[in-house]
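Residue numbers (the working numbering), protein chains in the order written: chain A, 1 to 405; chain B, 1001 to 1278.
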């Protein structure tokens, strides 16, 4: 009798179990691809915090090798074509046009407009995150704007002030060149297009149809190439110098100025203390200027079976304190105004130089050719121009042809 | 008995070749997956009328001829040295294989930093010894960049010749050298009339194999210069790779790969003919 009662009770309990736990459904799993510059950084803390707040969603964070951007992008394209892509991923502007052409992206407008965190992101950032068709496919996640690093102690020795326009920049670069020291650490190698754009488009030309061969862009590009060819204010290795070379040369005192962004600010301060600062890149005579915007965004792929869950995750990442935590790992700047107000991860002068550059921040054309431009066409043509194998104007004509035929 | 081998060859070799041929006749852009129109030989025409193709072909010829001949010369000299008796010979034979055993990416990075203008040890030593008046941006000048990558590939590849030719040297009977000595032959005579003829088959096979490998390889150049400065070190396989991988143009990249294969066919046919003859 006793045994029968026990069995009956157990059966009843089992039968009632689903009713007793109406919300205990199997969690939805979303796959998120990411890449951090620092290989030791992980998003584990973020994922755990999100899953705790959203017990119905599980995030599978997959660290994808960057390979200069090319490896990451091509893995992304092929996974989408093979119908095995992630639900959401970190993405950059230079592959936006290709992803749109593949119909791979979900427009985020309806979600963004209803999102309470929208007003915590500046209109400058929303402007930059709007695609040519007027829709928003990318969610701001992190950002940098390229600025000019300047060694204040070296400038002081020459009785020079921090350059604010191209004429002053050339005067300073010449004065700071001598022996084994060069005024400007030019980046002609991989990724150098980012630090070239402030020069080419600094006096009013726009990176759009006809802009690359406009008189202003051609003149400015000649100015840029002549820094190496005529004025010799850059190291002889400038045509192939890339990230490591420009940063190490600045840290070693071999160059006095270079263009980079806030991700290297802390290491510069460790080396030079207050003797180094950052200022917005030089401007043209009419106050025009162009500061390259370095984006880091997220998106929701159209093939995702759980787009709402993916949106929840990426909007959570771009929300005030979560975005600050995220950027601790990413080493870049928060996209939220509330997070920036108490920003303590970088010295203030570098944050100020970045924020002051936002109004003139711009990006390359959002076209399918952009990825090829950054990886092959820009370095090949620029290096040829720097070595005198082609004229600077031919270099710009090649860019115009690539983008606009 | 033959069927499994044929099936394996068909799956591993024939299918990828046919797929590449199919791609080369279509306009295959990675980010336009729904549109792959047949365009006949347009990819080939575009490749052959592109000056970068001919520049890359010229670079490939310089790369293969210089790399293989220098690897062979250094490898042969090493093999002759290692064939002699001396203390610690076993360790020397083991050490000589180290460059061959290292991954190309590691070798590329090592040599990139050794040749670096700012921090490179070769510039440092050269200036200290007074050989160089000042640091030289070896990989940033079109006149020296190809020399820099060839130097790296010679260091990487000479052990292949050293080990292969050493095995060949050890197969030559010692009695031949003894008889030649009795007949009054000198070192050069023995080298010319015994060593060289004894190694001829091994040398020919090793040269053919290495030519194919070096002609196809792009990893070392990709790591060290990416084909630059400009296109100074861009070889044909690197041109094909960049077209497909960076440009997303798999049709054009495949056409370049097919053209490279056709160019290498002469070497491959010679190798197959020799293998069958042996």
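Glycine included, each C-beta is placed from N, C-alpha and C at the ideal position.
Everything numeric in this text was worked out from a predicted model, so none of it was measured.
With C-beta atoms as the reference, is residue i less than 8 Å away from residue j?
{"i": "residue 112 of chain A", "j": "residue 75 of chain A", "result": "no"}
{"i": "residue 102 of chain A", "j": "residue 221 of chain A", "result": "no"}
{"i": "residue 183 of chain A", "j": "residue 233 of chain A", "result": "yes"}
{"i": "residue 1067 of chain B", "j": "residue 1150 of chain B", "result": "yes"}
{"i": "residue 33 of chain A", "j": "residue 64 of chain A", "result": "yes"}
{"i": "residue 1111 of chain B", "j": "residue 1152 of chain B", "result": "yes"}
{"i": "residue 242 of chain A", "j": "residue 187 of chain A", "result": "yes"}
{"i": "residue 129 of chain A", "j": "residue 116 of chain A", "result": "no"}
{"i": "residue 148 of chain A", "j": "residue 257 of chain A", "result": "yes"}
{"i": "residue 150 of chain A", "j": "residue 354 of chain A", "result": "no"}
{"i": "residue 239 of chain A", "j": "residue 386 of chain A", "result": "yes"}
{"i": "residue 146 of chain A", "j": "residue 291 of chain A", "result": "yes"}
{"i": "residue 49 of chain A", "j": "residue 80 of chain A", "result": "no"}
{"i": "residue 1271 of chain B", "j": "residue 1199 of chain B", "result": "no"}
State buried or exposed for residue i, treating a residue as buried only when at least 16 other CB atoms are found within 10 Å of its CB.
{"i": "residue 375 of chain A", "result": "buried"}
{"i": "residue 983 of chain B", "result": "Any answer about residue 983 of chain B is impossible in this case: the structure gives chain B only from 1001 up to 1278."}
{"i": "residue 196 of chain A", "result": "buried"}
{"i": "residue 249 of chain A", "result": "buried"}
{"i": "residue 298 of chain A", "result": "buried"}
{"i": "residue 384 of chain A", "result": "buried"}
{"i": "residue 1191 of chain B", "result": "exposed"}
{"i": "residue 1134 of chain B", "result": "exposed"}
{"i": "residue 316 of chain A", "result": "buried"}
{"i": "residue 1038 of chain B", "result": "exposed"}
{"i": "residue 1162 of chain B", "result": "buried"}
{"i": "residue 1026 of chain B", "result": "buried"}
{"i": "residue 1239 of chain B", "result": "buried"}
Considering only the alpha carbon of each residue, which of the options lies closest to residue i?
{"i": "residue 268 of chain A", "options": "A/201, A/347, A/237 and A/298", "result": "A/347"}
{"i": "residue 1229 of chain B", "options": "A/378, A/400 and A/69", "result": "A/378"}
{"i": "residue 1123 of chain B", "options": "B/1100, B/1148, B/1108 and B/1038", "result": "B/1148"}
{"i": "residue 1070 of chain B", "options": "B/1201, B/1239, B/1107 and B/1214", "result": "B/1214"}
{"i": "residue 338 of chain A", "options": "A/292, A/353, A/350 and A/322", "result": "A/322"}
{"i": "residue 87 of chain A", "options": "A/39, A/200 and A/306", "result": "A/306"}
{"i": "residue 165 of chain A", "options": "A/41, A/283 and A/398", "result": "A/283"}
{"i": "residue 1109 of chain B", "options": "B/1223, B/1265 and B/1255", "result": "B/1223"}
{"i": "residue 154 of chain A", "options": "A/134, A/167, A/178 and A/142", "result": "A/178"}
{"i": "residue 1016 of chain B", "options": "B/1257, B/1269 and B/1277", "result": "B/1257"}
{"i": "residue 1160 of chain B", "options": "B/1221, B/1029, B/1079 and B/1120", "result": "B/1079"}
What is the rounded straight-line gap between the Cα of residue i and the Cα of residue j?
{"i": "residue 125 of chain A", "j": "residue 89 of chain A", "result": "19 Å"}
{"i": "residue 21 of chain A", "j": "residue 336 of chain A", "result": "Confidence in residue 21 of chain A is poor, its pLDDT being 46 and thus under 50, which makes the residue's placement unreliable; the coordinate value appears in the next sentence. Roughly 38 Å between the two C-alpha positions."}
{"i": "residue 52 of chain A", "j": "residue 45 of chain A", "result": "11 Å"}
{"i": "residue 216 of chain A", "j": "residue 1144 of chain B", "result": "35 Å"}
{"i": "residue 157 of chain A", "j": "residue 1241 of chain B", "result": "49 Å"}
{"i": "residue 1246 of chain B", "j": "residue 1155 of chain B", "result": "29 Å"}
{"i": "residue 1166 of chain B", "j": "residue 1084 of chain B", "result": "10 Å"}
{"i": "residue 1116 of chain B", "j": "residue 1138 of chain B", "result": "7 Å"}
{"i": "residue 23 of chain A", "j": "residue 29 of chain A", "result": "Confidence at residue 23 of chain A is low in this model, with a pLDDT of 47, below 50, so the placement of that residue is unreliable and no value is reported for it."}
{"i": "residue 237 of chain A", "j": "residue 175 of chain A", "result": "20 Å"}
{"i": "residue 109 of chain A", "j": "residue 1003 of chain B", "result": "59 Å"}
{"i": "residue 1089 of chain B", "j": "residue 1082 of chain B", "result": "7 Å"}
{"i": "residue 247 of chain A", "j": "residue 1157 of chain B", "result": "33 Å"}
{"i": "residue 1055 of chain B", "j": "residue 367 of chain A", "result": "28 Å"}
{"i": "residue 198 of chain A", "j": "residue 293 of chain A", "result": "10 Å"}
{"i": "residue 1177 of chain B", "j": "residue 1020 of chain B", "result": "52 Å"}
{"i": "residue 1064 of chain B", "j": "residue 1273 of chain B", "result": "21 Å"}
{"i": "residue 1076 of chain B", "j": "residue 388 of chain A", "result": "40 Å"}
{"i": "residue 54 of chain A", "j": "residue 310 of chain A", "result": "12 Å"}
{"i": "residue 225 of chain A", "j": "residue 1113 of chain B", "result": "25 Å"}
{"i": "residue 213 of chain A", "j": "residue 363 of chain A", "result": "17 Å"}
{"i": "residue 399 of chain A", "j": "residue 245 of chain A", "result": "25 Å"}
{"i": "residue 1183 of chain B", "j": "residue 1275 of chain B", "result": "35 Å"}
{"i": "residue 204 of chain A", "j": "residue 289 of chain A", "result": "7 Å"}
| said: For the stretch 1235 to 1265 of chain B, list every residue whose C-beta sits within 8 Å of some C-beta in chain A, in sequence order. | reply: Closer than 8 Å at the C-beta level to chain A, one finds these residues of the stretch 1235 to 1265 of chain B: 1242, 1245, 1246, 1247 and 1248.
| field | Cβ-based contacts, 9 Å cut-off: residues of the stretch 1028 to 1042 of chain B near chain A | value | Going along the stretch 1028 to 1042 of chain B in chain order, one finds 1029, 1030, 1031, 1032, 1033 and 1034 with a Cβ nearer than 9 Å to chain A.
| field | Residues of the stretch 74 to 90 of chain A with Cβ closer than 9 Å to any Cβ of chain B, in chain order | value | Listed in sequence order: 74, 77, 78, 80 and 81.
| task | Could you name the residues of the stretch 222 to 252 of chain A whose beta carbon sits closer than 8 Å to any beta carbon of chain B, in the order they occur along the chain? | result | Cβ contacts with chain B come from 235, 236, 237, 238, 239, 240, 241, 245, 248, 249 and 252.
| Residues within the stretch 1199 to 1227 of chain B neighbouring chain A, beta-carbon criterion of under 9 Å | Residues of the stretch 1199 to 1227 of chain B whose Cβ lies closer than 9 Å to any Cβ of chain A, in chain order: 1225, 1226 and 1227.
| field | the stretch 1100 to 1117 of chain B: positions lying closer than 8 Å to chain A by Cβ | value | Under the 8 Å Cβ criterion, the stretch 1100 to 1117 of chain B contributes 1116 and 1117.
| Mind listing which residues of the stretch 375 to 401 of chain A have their C-beta closer than 7 Å to chain B's C-betas, in chain order? | Correct list: 375, 376, 379, 380, 383, 384, 387 and 389.
| task | Below 7 Å between beta carbons is the criterion; list the residues of the stretch 97 to 113 of chain A that meet it against any residue of chain B, in chain order. | result | Going along the stretch 97 to 113 of chain A in chain order, one finds 98, 101 and 102 with a Cβ nearer than 7 Å to chain B.
| query | At a Cβ cut of 7 Å, what residues of the stretch 182 to 203 of chain A count as close to chain B, listed as they run along the chain? | reply | Legend: CB atoms of the stretch 182 to 203 of chain A lying less than 7 Å from CB atoms of chain B belong to residues 190.
| query | Going along the stretch 339 to 371 of chain A in order, which residues come within less than 8 Å of chain B, judged by CB to CB distance? | reply | Result list: 368 and 371.
| task | Using a Cβ-Cβ cut-off of less than 7 Å, give me the residues of the stretch 1128 to 1140 of chain B that come near chain A, in sequence order. | result | Taking 7 Å as the Cβ-Cβ cut-off against chain A, the residues of the stretch 1128 to 1140 of chain B that qualify are 1137, 1139 and 1140.
| field | chain B contacts from the stretch 253 to 286 of chain A (Cβ-Cβ distance under 7 Å) | value | The stretch 253 to 286 of chain A vs chain B, Cβ under 7 Å: 254.
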